[in-house]
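2 protein chains.
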Amino acid sequence: MSGGDFNSWQSVQAEVLRRINAREWKPGEFIPNEAELALEFNCARATVNRALRALAETGLLDRRRKAGTRVALHPVRKATLAIPVIRYEIEGKGQSYRHTVLVEERLVPPSGIRARMRTNPGVKLLHLVTLHLADGKPYVFGDRWINPDAVPGIESADLSVQSANEWLVANIPFEGGDFSFSAMTAGKREAEILACKEGEGLFVIERSTWAKDQIITSVRLTFAPGYRMHTEI
Amino acid sequence: MSGGDFNSWQSVQAEVLRRINAREWKPGEFIPNEAELALEFNCARATVNRALRALAETGLLDRRRKAGTRVALHPVRKATLAIPVIRYEIEGKGQSYRHTVLVEERLVPPSGIRARMRTNPGVKLLHLVTLHLADGKPYVFGDRWINPDAVPGIESADLSVQSANEWLVANIPFEGGDFSFSAMTAGKREAEILACKEGEGLFVIERSTWAKDQIITSVRLTFAPGYRMHTEI
DNA sequence: TTTGACTATAAGTATATACATATTAATCTG
DNA sequence: CAGATTAATATGTATATACTTATAGTCAAA
Chain A
1 MSGGDFNSWQ
11 SVQAEVLRRI
21 NAREWKPGEF
31 IPNEAELALE
41 FNCARATVNR
51 ALRALAETGL
61 LDRRRKAGTR
71 VALHPVRKAT
81 LAIPVIRYEI
91 EGKGQSYRHT
101 VLVEERLVPP
111 SGIRARMRTN
121 PGVKLLHLVT
131 LHLADGKPYV
141 FGDRWINPDA
151 VPGIESADLS
161 VQSANEWLVA
171 NIPFEGGDFS
181 FSAMTAGKRE
191 AEILACKEGE
201 GLFVIERSTW
211 AKDQIITSVR
221 LTFAPGYRMH
231 TEI
Chain V
1001 MSGGDFNSWQ
1011 SVQAEVLRRI
1021 NAREWKPGEF
1031 IPNEAELALE
1041 FNCARATVNR
1051 ALRALAETGL
1061 LDRRRKAGTR
1071 VALHPVRKAT
1081 LAIPVIRYEI
1091 EGKGQSYRHT
1101 VLVEERLVPP
1111 SGIRARMRTN
1121 PGVKLLHLVT
1131 LHLADGKPYV
1141 FGDRWINPDA
1151 VPGIESADLS
1161 VQSANEWLVA
1171 NIPFEGGDFS
1181 FSAMTAGKRE
1191 AEILACKEGE
1201 GLFVIERSTW
1211 AKDQIITSVR
1221 LTFAPGYRMH
1231 TEI
């Protein structure tokens, strides 16, 4: 079984991919271990490791110590999508960016928000509603809640100059977040703010950002009709 | 400059992250090169390389040969989202899965589709409209075009047993795809198929899949109201 | 001033070796 | 036989070393 010389991890990866696609290694099946493959491919085990690790990261292989490596049963393809920072997104299209703060208040949040932010009852949060405009036209509006305890310095920031989004990205390190994407039907309020018709379908992103076991901020972005989020594998 | 002992790539990564977050290394700035960091951290260059490479993959660092490594100016966070295979998604929620083929025909596509599929004028494509049901209720419907030239064997497949989606995933290797996510307003047709009201906002995924410079298939998935796609960083 | 060749540099990668760690499988107990 | 112990094993990782490759920067020729 001398399978020729594979002297780069990319070539090893390509060969492994070929075998998976050609069904020489079928979904659910174990593939030979790293040492065996290294022997067959006439390369170092580290090279095989690099190739297989990369494939495992894309979800095509399942690897476990001692157990071995198998072809994923349901190869869930993973797409990486870039989280838009509104201003760069707009300016990247060559349009002018502007934003206005519609609401800025400190108050005890409704229970749904409180649950999502995991704050104690009675704690006041910063609430902001901001409209972002591209070439003067409504592009998206954000309904945002910020936990001031997790964000020192937010009180003294002028959020009408730099949007809350940008200020947070620039000043508060965060560890992770979770996102959901959905659609909603424009009601009276959305139609008014985004200058669209009531009853239009709108694209919505909800995002919570956390660090050190605290929710920093939770925002709901409602986009004007026609918005598309794009990505490729 | 002896920065203590960092003897795992994770610890090196953590320290680099800390310095970025603490603004010791500011956005846009070059950080010391791998050799210097290895010396400071008292570890091998390969270990530093591993740590920095991982951070570059998440978009937090920009690396270029000869130039060096710098902290990303606009740290575009990347989320990886799993592309749903409808049936597994539904069954994963403990609901029953069923699908019905509403339309199956071979015809010359409208110009918009033809452009997206990059086929020659006059070439017939396979057109399928499929409704997927969860616990008997409409969940999503797919309007799909398949390039038979790129998909040998599709003619002989019974797509009422195994959905086109599953059949393609199982039988045709693909190299990549591109996705777009958006919202639409339910018209008469969508309302009828999905058993919802006209004028409701619906979540839409459009996807083209390619391999070997050919577009294999292009599909538009329109989800019933209430659908959410979720991911985390 | 532009173009093109050259060079030094930093990341990228391959390899042998050694050890760590998770986890399965086998074995030993009570 | 159940449960604890131990051995075996595949992946995971660290290291020194050596070589490759892309490219920023420099300097000279056109």
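Chains as they are written, first to last, in our numbering: chain A, 1 to 233; chain V, 1001 to 1233.
No residue lacks a Cβ here, since even glycine has one placed at the ideal position from N, Cα and C.
Residue nearest to residue i in terms of C-alpha spacing, selected from the options
| i | options | result |
| --- | --- | --- |
| Pro148 (chain A) | A:Leu128, A:Ala46, A:Gly136 and A:Thr58 | A:Leu128 |
| Trp1025 (chain V) | V:Thr1231, V:Ser1180 and V:Ala1072 | V:Ala1072 |
| Ile1154 (chain V) | V:His1230, V:Asn1007, V:Glu1104 and V:Thr1100 | V:Glu1104 |
| Leu1131 (chain V) | V:Phe1174, V:Arg1087 and V:Ser1156 | V:Arg1087 |
| Val1161 (chain V) | V:Glu1034, V:Gly1028 and V:Tyr1097 | V:Tyr1097 |
| Arg144 (chain A) | A:Ser163, A:Asp135 and A:Ala134 | A:Ser163 |
| Ile1146 (chain V) | V:Ile1090, V:Asp1213, V:Asn1033 and V:Lys1124 | V:Lys1124 |
| Leu1037 (chain V) | V:Asn1049, V:Ile1113 and V:Arg1228 | V:Asn1049 |
| Tyr1139 (chain V) | V:Pro1084, V:Ser1182, V:Val1151 and V:Arg1106 | V:Pro1084 |
| Met1184 (chain V) | A:Glu175, A:Pro27 and A:Phe203 | A:Phe203 |
| Glu91 (chain A) | A:Asn165, A:Leu133, A:Ala211 and A:Leu17 | A:Leu133 |
| Ile1113 (chain V) | V:Asp1005, V:Gly1004, V:Arg1220 and V:Tyr1227 | V:Arg1220 |
| Asn21 (chain A) | A:Lys212, A:Asn165 and A:Leu61 | A:Leu61 |
| Arg228 (chain A) | A:Leu17, A:Ser182 and A:Pro32 | A:Ser182 |
Residue i - DSSP class collapsed to helix/strand/coil
| i | result |
| --- | --- |
| Gly1142 (chain V) | strand |
| Trp167 (chain A) | helix |
| Ile154 (chain A) | helix |
| Asp9 (chain A) | Going by the sequence as given, residue 9 (chain A) is Trp instead of Asp. It is helical. |
| Phe1223 (chain V) | strand |
| Asp1062 (chain V) | strand |
| Ser1218 (chain V) | strand |
| Arg19 (chain A) | helix |
| Leu125 (chain A) | strand |
| Ala79 (chain A) | strand |
| Ala1195 (chain V) | coil |
| Leu1037 (chain V) | helix |
| Arg1118 (chain V) | coil |
DSSP bridge partner residues for residue i (one or two, in chain order)
| i | result |
| --- | --- |
| Val1048 (chain V) | Paired residues: none, contrary to the question. |
| Ala1137 (chain V) | Checking the sequence, you will find Lys at residue 1137 (chain V) rather than Ala. Paired residue(s): V:Ala1134. |
| Val1101 (chain V) | V:Thr1130 |
| Gly1201 (chain V) | V:Thr1185 |
| Ser955 (chain V) | Because residue 955 (chain V) is not part of the residues shown, which for chain V are 1001 to 1233, the question remains open. |
| Phe1030 (chain V) | V:Arg1070 |
| Leu55 (chain A) | DSSP, once it has assigned bridges, lists no residue as partnering Leu55 (chain A). |
| Leu1107 (chain V) | V:Leu1125 |
| Asp1014 (chain V) | Note that residue 1014 (chain V) is Ala in the sequence shown here, rather than Asp. Partner(s): none; Ala1014 (chain V) has no beta bridge. |
Own chain partners of residue i with C-beta closer than 7 Å, once the 5 adjacent residues on each side are dropped
| i | result |
| --- | --- |
| Ser208 (chain A) | Arg116, Gly177, Asp178, Ile215 and Ser218 |
| Glu1200 (chain V) | Ala1186 and Pro1225 |
| Arg63 (chain A) | Leu52, Ala56 and Thr69 |
| Asn1171 (chain V) | Gly1153 |
| Glu1198 (chain V) | Ala1186, Gly1187, Lys1188 and Ala1191 |
| Ala157 (chain A) | Trp167 |
| Asn7 (chain A) | Cys43 |
Close Cβ partners of residue i (< 6 Å) along its chain, the five nearest in sequence each way excluded
| i | result |
| --- | --- |
| Met1001 (chain V) | Note that Met1001 (chain V) scores 47 on pLDDT, short of 50, meaning its location in the model is unreliable and no value can be drawn from it. |
| Thr1100 (chain V) | Leu1131 |
| Phe141 (chain A) | Leu131, Ile193 and Thr222 |
| Phe30 (chain A) | Gly68 and Arg70 |
| Arg118 (chain A) | Ile215 |
| Arg19 (chain A) | Trp25 |
| Ser254 (chain A) | Nothing can be reported for residue 254 (chain A): it is not among the residues displayed for chain A, which extend from 1 to 233. |
| Gly1028 (chain V) | Leu1073 |
Chain-order list of residues whose beta-carbon lies under 8 Å from that of residue i (same chain, five-residue window excluded)
| i | result |
| --- | --- |
| Lys137 (chain A) | Ala195 and Ala224 |
| Ala1054 (chain V) | Trp1009 and Gln1013 |
| Gly1122 (chain V) | Val1108 |
| Trp59 (chain A) | According to the sequence displayed, residue 59 (chain A) carries Gly and not Trp. Ala72, Pro75, Val76, Arg77 and Lys78. |
| Ala35 (chain A) | Arg45 |
| Ala1082 (chain V) | Thr1231 |
| Leu102 (chain A) | Val129, Thr130, Leu131, Phe141 and Ile193 |
| Val169 (chain A) | Val85 |
Residue i CB to nearest heavy atom of the ligand SAM below 7 Å
| i | result |
| --- | --- |
| Glu232 (chain A) | The ligand SAM is not part of the structure shown, which contains no ligands of any sort. |
- Message: For the stretch 182-212 of chain A, list every residue whose C-beta sits within 8 Å of some C-beta in chain V, in sequence order.
- Response: Ser182, Ala183, Met184, Thr185, Ala186, Gly199, Glu200, Gly201, Leu202, Phe203 and Val204
- Quick one: which residues of the stretch 1061-1079 of chain V get their C-beta closer than 8 Å to a C-beta of chain A? List them in chain order. His1074, Pro1075, Val1076, Arg1077, Lys1078 and Ala1079
- Item | Near-chain V residues of the stretch 9-40 of chain A - C-beta to any C-beta below 7 Å | For the stretch 9-40 of chain A, the beta-carbon criterion of a distance under 7 Å to any beta-carbon of chain V is satisfied by Asn21.
- Query: Taking a cut of 7 Å between CB atoms, which residues from the stretch 148-163 of chain A lie near chain V?
  - Reply: none
- Query: Taking Cβ-Cβ distances below 8 Å as the criterion, which residues of the stretch 1081-1111 of chain V are in contact with chain A?
  - Reply: Leu1081, Ala1082, Ile1083, Val1085 and Tyr1088
- Task: Could you please tell me which residues of the stretch 215-226 of chain A, in chain order, have their CB closer than 9 Å to any CB of chain V?
- Result: Phe223, Pro225 and Gly226
- Check each residue of the stretch 1165-1178 of chain V: if its Cβ is closer than 7 Å to any Cβ of chain A, include it; give the result in chain order. Listed by position along the chain: Pro1173, Gly1176, Gly1177 and Asp1178.
- Using Cβ-Cβ distances below 7 Å, what residues of the stretch 1111-1133 of chain V are close to chain A? none
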